[in-house]
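Numbering (UniProt numbering), first residue to last: 1 to 391.
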């Protein structure tokens, strides 16, 4: 009702000032199109309106003080305490693993024996497939027989040479022949070993890429895709501006929206170069995957802890207001010297703010621990107004 009275009184004031000293009404003044006179009239009326508003405020304060039947604005309060405040910057990333590879053939021949199926779990070193060796096994057997004979001949010549029997040339020829045969055996064994395809690490056969009976070639034919879901990480690009805030070991919250889960992790690697295309640097964050729910290429949100303040003053973001000058304002509650319980005085204070995160805002100056903050109901309050505490 008080606000309505103010609004009704303003038109009356303007009407009462409708004529200036020369007797011109507002309409006549506008029709005259005399800009200096119009501006002067506006300034005069604005000053009268401001004076009237101040008088009305004083009357309202007196009414609030004297009227015991008035209805006070209800507010909710919260005591200010210092706390640990962490701010997080959010970036998008993808789940990845270094143990996600395609196993290629290392020998040319027919894929003779494929021993695994899709979805099967295998251990490191386990045989996945065999490639037809094209007669290498028989050739190796012959070489091993020759190498055994060469070894016997060499050992015999060596004993004779140690007894000063026979020539040095015979001894050296036997030694050279044995070593040459042994090298041939080892080289053939190495080639034959390439016909056996083994798992380079423990994981799951994600896909069979070549069927039995197909001809495969080294470095060209893809046999199977092997994936391990143990050592998972999230890779993301971070804007260049965070370079001095994000380091190895920085705390990170990893949110996987498709799973509805959030993990705690830390940065395990920070790249040493800036991508010139998007002015960013890449990071990797290790994440646990005990139940195997994480999959490569899943989308993840990384919340990087780029700012931490101990003993910070934190308030709800909705308790912060702005005045006409654009300053940040809050209302604190002061106790009355005498009066009813749950009745206090709202005191306006200008504050300076820091980081905002998760609907909380850091106050860097203007509030002290132990003060009582009005967190709800402050929007329409004025400085010095009596309020009733709802909580």
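C-beta atoms are modelled at their ideal positions from N, C-alpha and C, and glycine is treated no differently.
Express the C-alpha separation of residue j and residue i in angstroms, rounding to a whole number.
i	j	result
residue 247	residue 264	16 Å
residue 329	residue 348	7 Å
residue 143	residue 271	52 Å
residue 236	residue 71	56 Å
residue 84	residue 309	6 Å
residue 21	residue 37	In this prediction, residue 21 scores a pLDDT of 44, lower than 50, which makes its location untrustworthy; the coordinate-derived value is nonetheless stated afterwards. Whole-angstrom Cα-Cα distance: 12 Å.
residue 365	residue 98	48 Å
residue 226	residue 361	48 Å
residue 113	residue 126	14 Å
residue 273	residue 286	20 Å
residue 186	residue 145	13 Å
residue 245	residue 315	24 Å
residue 182	residue 157	17 Å
residue 384	residue 313	24 Å
residue 151	residue 171	12 Å
residue 205	residue 132	22 Å
residue 100	residue 222	14 Å
residue 283	residue 104	29 Å
residue 351	residue 303	28 Å
residue 288	residue 356	29 Å
residue 149	residue 189	18 Å
residue 195	residue 140	14 Å
residue 238	residue 290	27 Å
residue 234	residue 96	6 Å
residue 58	residue 44	22 Å
residue 327	residue 91	31 Å
Please list the terminal residues of the continuous beta strand (DSSP E) segment that includes residue i.
i	result
residue 262	261-270
residue 442	Nothing can be reported for residue 442: it is not among the residues displayed for the chain, which extend from 1 to 391.
residue 350	343-357
residue 256	251-256
residue 390	Residue 390 -> no beta strand (DSSP E), and no H or E assigned at all.
residue 196	196-198
Would you grab the beta carbon distance between residue i and residue j for me? Rounded to a whole angstrom, and I think it's under 8 Å.
i	j	result
residue 379	residue 321	7 Å
residue 276	residue 107	The Cβ separation is near 42 Å, so there is no contact.
residue 241	residue 267	About 16 Å separates the two Cβ atoms, so there is no contact after all.
residue 354	residue 387	About 28 Å separates the two Cβ atoms, so there is no contact after all.
residue 136	residue 191	6 Å
residue 377	residue 75	4 Å
residue 300	residue 256	5 Å
Just verifying my parser: in three-state terms, what is the DSSP assignment at residue i?
i	result
residue 284	strand
residue 246	coil
residue 316	strand
residue 331	strand
residue 154	helix
residue 298	coil
residue 42	helix
residue 384	coil
residue 65	helix
residue 132	coil
residue 368	coil
residue 362	strand
residue 21	Its pLDDT being 44, under 50, residue 21 is placed unreliably by the model, and the measurement read from it follows with that caveat. Reduced to three states, the DSSP call for residue 21 is coil.
Taking the alpha helix (DSSP H) that residue i belongs to, which residues open and close that run?
i	result
residue 191	168-193
residue 235	Residue 235 -> not in any alpha helix (DSSP H); beta strand (DSSP E) instead, spanning 232-239.
residue 32	26-32
Sort out for me which residues DSSP pairs residue i with in a bridge.
i	result
residue 76	376
residue 207	225
residue 85	309
residue 100	227
residue 94	235, 299
residue 275	280
residue 322	328
residue 159	According to DSSP, which records beta bridges pairwise, residue 159 is partnered with nothing at all.
residue 140	The partner list for residue 140 (beta bridge, DSSP) is empty, contrary to what the question assumes.
residue 304	89, 252
Cβ of residue i less than 8 Å from any chain C Cβ?
i	result
residue 173	Absence of chain C from the displayed structure is noted, only one protein chain being present.
Please confirm whether any heavy atom of the ligand MN lies closer than 7 Å to the CB of residue i.
i	result
residue 127	Among the components modelled here there is no ligand, and therefore nothing to report on the ligand MN.
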